[in-house]
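These notes concern the structure reproduced below.
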Amino acid sequence: MKTFINRFLAFILFIASQSALALDNGLLWKIEAPSGKISYLLGTIHTDDPRVANLQPKVIEALNQADVFLMETLPPRDPSIFMLKQGAIAEMLTEKEFDQVRELAEFHAMHIEAAMRMKPWLLAVIFDLPKPKSMYSMDELLLAKSEEQLKTIKGLEKTSEHFSVLDSISLDDQMVMLRAVLKRSQKDKERDFEKLLKAYQSENLKKISDLDETITGGMLPKELWGRMKTKLIDERNVGMANGLIYNAAENSVFAAVGASHLGGESGILNRLLEAGYKISPVSIK
Numbered sequence: 363m364k365t366f367i368n369r370f371l372a373f374i375l376f377i378a379s380q381s382a383l384a385l386d387n388g389l390l391w392k393i394e395a396p397s398g399k400i401s402y403l404l405g406t407i408h409t410d411d412p413r414v415a416n417l418q419p420k421v422i423e424a425l426n427q428a429d430v431f432l433m434e435t436l437p438p439r440d441p442s443i444f445m446l447k448q449g450a451i452a453e454m455l456t457e458k459e460f461d462q463v464r465e466l467a468e469f470h471a472m473h474i475e476a477a478m479r480m481k482p483w484l485l486a487v488i489f490d491l492p493k494p495k496s497m498y499s500m501d502e503l504l505l506a507k508s509e510e511q512l513k514t515i516k517g518l519e520k521t522s523e524h525f526s527v528l529d530s531i532s533l534d535d536q537m538v539m540l541r542a543v544l545k546r547s548q549k550d551k552e553r554d555f556e557k558l559l560k561a562y563q564s565e566n567l568k569k570i571s572d573l574d575e576t577i578t579g580g581m582l583p584k585e586l587w588g589r590m591k592t593k594l595i596d597e598r599n600v601g602m603a604n605g606l607i608y609n610a611a612e613n614s615v616f617a618a619v620g621a622s623h624l625g626g627e628s629g630i631l632n633r634l635l636e637a638g639y640k641i642s643p644v645s646i647k
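Residue numbering for the sequence shown follows the working numbering, beginning at 363 and increasing consecutively.
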């Protein structure tokens, strides 16, 4: 009897490990609601690099089947959402840092006046990206195609919530983030971006998440990164998963969210399973 129980437990652990492994491999997922409605979930990478921004036929095919397009948030109509409510970061910069911000603003085709009034955490995110290669990212191309097809278009997060996600972090900590990016050379940024792009192309969600941890977590104090990760990933996973579950219950949807939100125990895929959805990966290569 004891041998049987041990074998049974080993079998359960094996199945669990295989399920966890399966949830770590794939960018495009077919999801079936308890109602029988079929939808799709795509993990994106927020870049305009043509190596990934050029949509694969399987992605377009899945998008064509949906009546509703869901993305993380709808494009903001009011640019003030990006800006500090008062003051400017110039007051907190050294002369050297000011020159760096001016150079990076020009590099990213931003007006220096806008850069100086922008929230430091958002400026840090922009400045850590490679030079823009085209006008549209993968998410924006999917949105444009959905508009052409007259689909219902929704944001899984309110625009105001999406762009204020790190506003609860103090201005001093936001400046720590910005200064960490200012210390990085363009060579370092391009090297890390290439690593992340390759991880994305491998369709391995754990590799993507681990690389995020290594790159961003390695730049910042551990305590600050922990708070950022909670705000950017863990808390948002809950809201976006709930929004997807609600919309896909009775509609055929195509959802596009950052790939870092899909995998892991607290990821959207696992939350779909817990809600009774059937999921399976769709190869896009």
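Each residue gets a CB set at the ideal place from its N, CA and C atoms; glycine is no exception.
Query raised in the report: Would the beta-carbon of W648 fall within 8 Å of that of Q536?
Result: It is not possible to answer for residue 648, since the shown part of the chain is limited to 363 through 647.
Query raised in the report: How many angstroms separate the CA atom of P419 from the CA atom of E585?
Result: Whole-angstrom Cα-Cα distance: 42 Å.
Query - Member of S645, G626, V644 whose CA lies at the smallest distance from the CA of E636 - result: Nearest in C-alpha terms to E636, of all of S645, G626, V644, is G626.
Query raised in the report: Mind pulling the beta strand (DSSP E) runs of 3 or more residues that sit fully within the region 468 to 545?
Result: 514 to 517
Query - Sequence-distant residues of its chain with Cβ nearer than 7 Å to L383 (five each side left out) - result: Note that L383 has pLDDT 41, beneath the 50 cutoff, so the model's placement of it is unreliable and no number is given.
Query raised in the report: If you run the structure through DSSP and keep just helix, strand and coil, what is A618?
Result: In this structure, A618 counts as strand in the three-state DSSP scheme.
Query raised in the report: Between which two residues does the beta strand (DSSP E) containing F431 stretch?
Result: 430 to 433
Query raised in the report: Roughly how many angstroms separate the alpha carbons of D386 and N566, rounded to a whole number?
Result: Approximately 6 Å, taken between the alpha carbons.
Report task. Could you tell me which of N613, G588, V619 sits nearest to M602, measuring between CA atoms? Result -> V619
Query raised in the report: Secondary structure at K392, three-state DSSP: helix, strand or coil?
Result: strand
Query raised in the report: What are the boundary residues of the beta strand (DSSP E) that L403 is part of?
Result: 400 to 406
Query - Cβ neighbour criterion (16 or more within 10 Å) applied to E465 - result: exposed
Query raised in the report: Should M500 be labelled buried (16 or more other beta-carbon atoms within 10 Å of its own) or exposed?
Result: Classification of M500: buried, given that the 10 Å Cβ count is 16 or more.
**Report entry** Cβ neighbours of L389 in the same chain (closer than 7 Å, five flanking residues each side left out)
**Finding:** L404, G405, E565, A621, I646
Requested in this report: Using alpha carbons as the reference points, say which of Q563, V421, E459 lies closest to L503.
Outcome: V421
**Report entry** Same chain, Cβ closer than 7 Å to E507, neighbours up to 5 away in sequence not counted
**Finding:** Looking at the sequence provided, one finds Lys at residue 507 rather than Glu. The answer, listed in chain order, is L425.
Query - Buried versus exposed call for H623 [16 or more other C-beta atoms within 10 Å across all chains shown] - result: buried
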